[in-house]
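In our numbering, the protein residues as written are 810 to 920.
Where is the CB? At the ideal position from N, CA and C, for every residue including glycine.
First the structure, in the form of C-alpha cells, and then the observations on it.
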C-alpha cells in the first residue's frame, strides 16, 4: 500500500517538472532526518518551541509530496507542542518509522 498520495505527487510533478521534483525529493530526504533529530534534541531539552517548529516544517514538507500519514503524525506532535505538552510517548518513534516508509517510496518515484 502506498504511503504517498499519487494524485498529490503527480500534481507536484506537473507543476515542478521532472528535474525539479528530483531536487525536491533529495532535499526532503536530506532535511527530514535532520528535523527528526532536532525534535529528539528538543524533546530531551524540553524545548517546546524548537520541537513545534521542526514538527511544523516536517508536516508541511510531507504534505507537499502527499505523504499524508507522515504529515498527520507531525501535525499531531506540532499541536501537542503548541499546547506545551511534550508527553508524546512513542509518537516520535512512530513518526520516524513513517518517514522511513515515505523515504523508500520517494526514492522509487524519482525519475
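Outcome for residue i when other beta-carbon atoms lying within 10 angstroms are tallied against a minimum of 16
i: residue 911; result: buried
i: residue 829; result: exposed
i: residue 815; result: exposed
i: residue 899; result: exposed
i: residue 890; result: buried
i: residue 813; result: buried
i: residue 880; result: buried
From the options, residue whose alpha carbon lies closest to that of residue i
i: residue 902; options: 882, 916, 918, 893; result: 882
i: residue 878; options: 851, 859, 895, 906; result: 906
i: residue 876; options: 920, 841, 863, 848; result: 841
i: residue 822; options: 811, 834, 812; result: 834
i: residue 853; options: 873, 920, 897; result: 897
i: residue 843; options: 867, 919, 917, 810; result: 867
i: residue 856; options: 894, 812, 817; result: 894
i: residue 904; options: 849, 916, 817; result: 849
i: residue 908; options: 884, 845, 858; result: 845
i: residue 918; options: 874, 884, 885; result: 874
i: residue 916; options: 817, 838, 820; result: 838
Supposed close pair residue i, residue j - CB separation, criterion 8 angstroms
i: residue 887; j: residue 865; result: 5 angstroms
i: residue 847; j: residue 863; result: 5 angstroms
Under 8 angstroms between C-beta atoms of residue i and residue j
i: residue 860; j: residue 871; result: no
i: residue 811; j: residue 914; result: yes
i: residue 827; j: residue 920; result: yes
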